[in-house]
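Residue numbers (full-length UniProt numbering): 1 to 197.
These notes are about the structure you will find just below.
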Amino acid sequence: MTSQPRAALLIIDTQHGLTHPSYYGPSRSNPSFEANLSALLSAFRSSPQPCIIHVYHTSADPRSPLHPSNPYSGIRFHACAQPLPSEAVIGKTASSAFVGQPGTQLVELLRENRVRRLVVAGWALDHCVSSSVRSAADLEAVEEIWVVGDATAAFQKRADGVGAEVVQAVSLESLREFAEVVTVGEVLEMLGGGSEV
1 MTSQPRAALL IIDTQHGLTH PSYYGPSRSN PSFEANLSAL LSAFRSSPQP CIIHVYHTSA
61 DPRSPLHPSN PYSGIRFHAC AQPLPSEAVI GKTASSAFVG QPGTQLVELL RENRVRRLVV
121 AGWALDHCVS SSVRSAADLE AVEEIWVVGD ATAAFQKRAD GVGAEVVQAV SLESLREFAE
181 VVTVGEVLEM LGGGSEV
């Protein structure tokens, strides 16, 4: 059996604040997001020597559910993606996880762990997930990037009424220039096929 490249799971901004009923948009894509992400995370945790990185966002806007003073307490991690003590946690204030000091820390972490394939999940797909994927590609942080489409989610655009599923589909399609778009099932197959995770 041929050994696969070492993979890391990067979970972007899976925080309670993104469940706010109205701040990010009136509806969300992918109702199976939480279940799919939980399955993905569980599979990585069950693999030998897992490399799992959780990224969380802190907003400077006091109106945001992700601002430290907001009573919604949105900074905390969502129940479907609570980090374990052994897993890396990196905070950011920019849309990309690869910008500034957090970005330097993330790139160093990937290199220290000899990660060649970055598996990306989280939300919002069209914002921080997309920004992080594009930055990782530009920086050549890893050899391969996989975006797990059914373990991401996007929100309806309030300004023009573009539906959440349309935002999801267009965002995934646009990321194909920077990454391979895969499903949770395909990642589980990769994990079961000898990937050095």
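We put the CB at the ideal spot given by N, CA and C, even for glycine.
Per the Cβ contact rule, the segment 60 to 70 is not in contact with the segment 126 to 134 (fewer than 3 Cβ pairs under 8 Å). Taking a 10 Å sphere around the C-beta of GLY25, we find 16 or more other C-beta atoms and assign the residue as buried. As a beta-bridge residue in DSSP terms, GLN15 pairs with PHE77. The beta carbons of HIS20 and GLY91 sit no closer together than 8 Å. Counting the other Cβ atoms within 10 Å of the Cβ of PRO50 gives 16 or more, which makes it buried. One Cα belongs to SER95, the other to HIS16, and the distance between them is close to 17 Å. Following the DSSP letters along the chain, one finds ARG117 inside the beta strand (DSSP E) bounded by residues 117 to 123.
By the Cβ criterion, the segment 170 to 182 is not in contact with the segment 56 to 66, since fewer than three pairs of Cβ atoms, one from each stretch, lie closer than 8 Å. Restricting attention to VAL115, LEU18, VAL55, the CA atom closest to the CA of ILE11 is found in VAL55. Annotated as proximal: LEU118 and VAL142, with beta-carbon spacing under 8 Å. The residues VAL55, LEU106, SER132, in chain order, have a CB closer than 6 Å to that of ALA97 in the same chain once the five nearest residues on each side in sequence are set aside. A direct Cα-Cα distance of roughly 23 Å separates VAL147 from SER86. If the five residues before and after ASN113 are omitted, its C-beta is found closer than 6 Å to the C-beta atoms of CYS51, all from its own chain and listed in chain order. In the three-state DSSP reduction, ALA60 falls in the coil class, being neither helix nor strand. Of the residues SER42, ARG76, SER47, the one whose Cα lies closest to the Cα of LEU18 is ARG76. Under the criterion of beta carbons closer than 8 Å, ALA169 and ASN36 do not qualify as touching, at roughly 16 Å.
When DSSP states are grouped into helix, strand and coil, GLU144 belongs to the strand group. In this structure, SER29 lies near ALA153, with their beta-carbon atoms less than 8 Å apart. Where ALA88 is concerned, the enclosing beta strand (DSSP E) starts and stops at 88 to 92.
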